[in-house]
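Below: the structure, in structure tokens.
Residue numbers (the numbering used here): 21 to 176.
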């Protein structure tokens, strides 16, 4: 399919910026979900072409195509868009997480006592030393098993 160079550039830029692209399986849609002025059919066909070349990995689920760049695809789009190698897609950026404060020593926990420890009464019955309850059924309990289907008595 012939796609105008301007639309192809917009698709490639969006794909490189995010590292992923989503397109609905609606070939008659006037515009794509992520690219307002590019027809959805052109987005799907350009990404289909990139998939066949091994530059994009396609996942299809619930009437949506999910395209994600491969490492070869990143290199290809860098060359095509003339982007320096220090710029990477958003999916390849490392997120900086603040380090958790480290505590040293065996002091009490901030969240309170631990479960299972000696925290006075956790899951302990109040009548610990009282008489033991009888386990099992009562003395006069006699269940009747009457075969048949659905609990109906059989005719015998």
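Beta carbons are placed, not taken as given, at the ideal position from N, Cα and C, and that holds for glycine.
- In the three-state reduction of the DSSP assignment, residue 81 falls in the strand class.
- Taking every protein chain shown into account, the CB of residue 60 has 16 or more other CB atoms within 10 angstroms, so this residue is buried.
- For the pair residue 98 and residue 57, the Cα-to-Cα distance works out to about 23 Å.
- Counting only residues of its own chain and dropping the five nearest sequence neighbours on each side, residue 159 has no CB closer than 6 Å to any other CB.
- Contact between residue 78 and residue 85 holds, with the beta-carbon distance rounding to 6 Å and staying under 8 Å.
- In this structure residue 66 does not touch residue 117 by the C-beta definition: roughly 35 Å separates them, more than the 8 Å allowed.
- In the three-state DSSP reduction, residue 88 falls in the strand class (E or B).
- Here residue 119 is exposed. Its C-beta has fewer than 16 other C-beta atoms within 10 Å.
- Under the DSSP definition of a beta bridge, residue 41 partners with 87.
- In the three-state scheme derived from DSSP, where H, G and I count as helix and E and B as strand, residue 76 is classed as strand.
- The beta-carbon separation of residue 68 and residue 55, rounded to 16 Å, does not stay under the 8 Å limit for a contact.
- Taking a C-beta distance under 7 Å as the contact criterion, residue 31 and residue 63 qualify as a contact pair.
- Taken through DSSP and simplified to helix, strand or coil, residue 33 comes out as helix.
- Under the three-state reduction of DSSP output, residue 115 falls in the coil class, being neither helix nor strand.
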